[in-house]
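Under my numbering, the first residue of the sequence shown carries the number 775, and numbering increases by one thereafter.
Yeah, the Cβ is synthetic: ideal placement off N, Cα and C, and Gly gets one too.
Every value quoted in this text rests on a predicted model; they were computed, and no experiment measured them.
Taking it in order: structure first as structure tokens, then the write-up.
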Amino acid sequence: MDSVGASMRSSKPLLPTEIIIQILECIDDRRDLSMACLASNFFSIIALPLLYRKLDIKRALFL
775 MDSVGASMRS
785 SKPLLPTEII
795 IQILECIDDR
805 RDLSMACLAS
815 NFFSIIALPL
825 LYRKLDIKRA
835 LFL
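This is the structure in structure tokens:
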């Protein structure tokens with residue numbers, strides 16, 4: 775296996791967690807944050823609280 779393939783499978787992030795948090799905090803679009811949650815378990819742990827940090831009750835659909 776080549777080194778590129780091995781590094782892509784590594785579970786250790788290339789950036790420090792604090793930097794990833796700062797990057798994800800800049801995302802305002804909820805759709806983009808939800809996609810970040812689906813990218814990996816690591817991103818999900820970080821992005822999920824950001825996704826629900828502000829709820830817009832006016833847009834909620836109540837049946």
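Integer Cβ distance of residue i from residue j, believed to fall under 8 Å
i      : j      : result
LEU829 : CYS811 : With 8 Å as the limit, LEU829 and CYS811 do not qualify as a contact, their Cβ atoms being about 16 Å apart.
LEU807 : LEU824 : 6 Å
Residues of its chain near residue i, where Cβ-Cβ distance is below 6 Å and the 5 sequence neighbours each way are ignored
i      : result
PRO787 : none
GLU793 : Here the sequence assigns Ile to residue 793, which means Glu is not the residue at that position. Nothing meets the Cβ criterion.
TYR826 : none
Whether residue i touches residue j by CB criterion (8 Å)
i      : j      : result
ILE795 : ILE820 : yes
Same chain, Cβ closer than 7 Å to residue i, neighbours up to 5 away in sequence not counted
i      : result
PHE816 : PRO787
ALA813 : none
Nonlocal neighbours in the same chain, by C-beta distance under 8 Å from residue i, ignoring five residues either side
i      : result
LEU798 : LEU807, ALA810, PHE817, ILE820, ALA821 and LEU824
Taking only runs that begin and end inside the segment 783-834, name each unbroken alpha helix (DSSP H) of 4 or more residues, in chain order.
Qualifying alpha helix (DSSP H) stretches, in chain order: 791-799, 804-813 and 815-825.
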